[in-house]
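Enquirer:
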Amino acid sequence: MTGETNLAILLKSMLPTLLDGEFVFISLADGCYGDAAQLQPKAMFMESEGMTLVVPKALADKHHHAYDSVFNCITLNVHSSLDAVGLTAAFAAKLTEKSISANVIAGYYHDHIFVQTHKAHEAIQALCEF
Numbered sequence: 001m002t003g004e005t006n007l008a009i010l011l012k013s014m015l016p017t018l019l020d021g022e023f024v025f026i027s028l029a030d031g032c033y034g035d036a037a038q039l040q041p042k043a044m045f046m047e048s049e050g051m052t053l054v055v056p057k058a059l060a061d062k063h064h065h066a067y068d069s070v071f072n073c074i075t076l077n078v079h080s081s082l083d084a085v086g087l088t089a090a091f092a093a094k095l096t097e098k099s100i101s102a103n104v105i106a107g108y109y110h111d112h113i114f115v116q117t118h119k120a121h122e123a124i125q126a127l128c129e130f
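Here you go:
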């Protein structure tokens with residue numbers, strides 16, 4: 001199924017939704033795919049320094065993993081094509097206007113924006129301005 005590429009349509013039909021729960025980014029220096037299943041990762045990326053995981057805060061705390069900040073996840077409920085141009089730049093600019101950091105993960109169907117928990121509702125409001 002092909003996603004939407006028209007930027008105007010993408011911006012008008014984003015339908016940003018705040019997911020339940022708090023998330024943190026952790027790094028496992030010697031991690032490899034499949035490690036840390038007990039943390040129920042929402043996302044994983046291999047970097048030269050180690051494996052980065054986005055995990056529920058409660059599980060990071062339970063398993064004594066260090067993290068710097070706490071985030072909420074906003075999912076854009078429009079099926080955006082991985083070939084779409086400008087969507088990330090547009091919402092990043094909007095969030096920048098409000099001094100909100102955006103840590104973005106593009107899934108096959110949707111974009112997911114991790115924002116600082118204390119700014120999550122403000123981020124939703126900003127995204128709804130399109």
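Just so it is clear: in the sequence shown, position 38 is 38 by UniProt numbering, and no numbers are missing. We put the CB at the ideal spot given by N, CA and C, even for glycine. Nothing here was measured: the structure is a model prediction, and the numbers come from that model.
#1: Have a look at Glu122, Ala106, Ser80 and Lys119 and flag the residue whose alpha-carbon is nearest the alpha-carbon of Lys12.
#2: Got a sec: is the Cβ-Cβ distance from Asp30 to anything in chain C below 7 Å?
#3: What does the Cβ neighbour count give for Phe23, buried or exposed, with the cut at 16 atoms within 10 Å?
#4: To the nearest whole angstrom, what separates the beta carbons of Leu10 and Leu87, a pair I think is in contact under 8 Å?
#5: With a threshold of 16 other CB atoms inside 10 Å of the CB of Met46, please say whether the residue is buried or exposed.
#6: What does the alpha-carbon distance come out to for the pair Val104 and Gly34?
#7: Within 6 Å: the Cβ of Ala90 and any heavy atom of the ligand MG?
Expert: In brief:
#1: Ser80
#2: In the structure shown, chain C does not exist; there is a single protein chain.
#3: So Phe23 counts as buried.
#4: 5 Å
#5: Exposed: under 16 other Cβ atoms inside 10 Å.
#6: Approximately 22 Å, taken between the alpha carbons.
#7: Absence of the ligand MG is noted for the structure shown, with no ligands found whatsoever.
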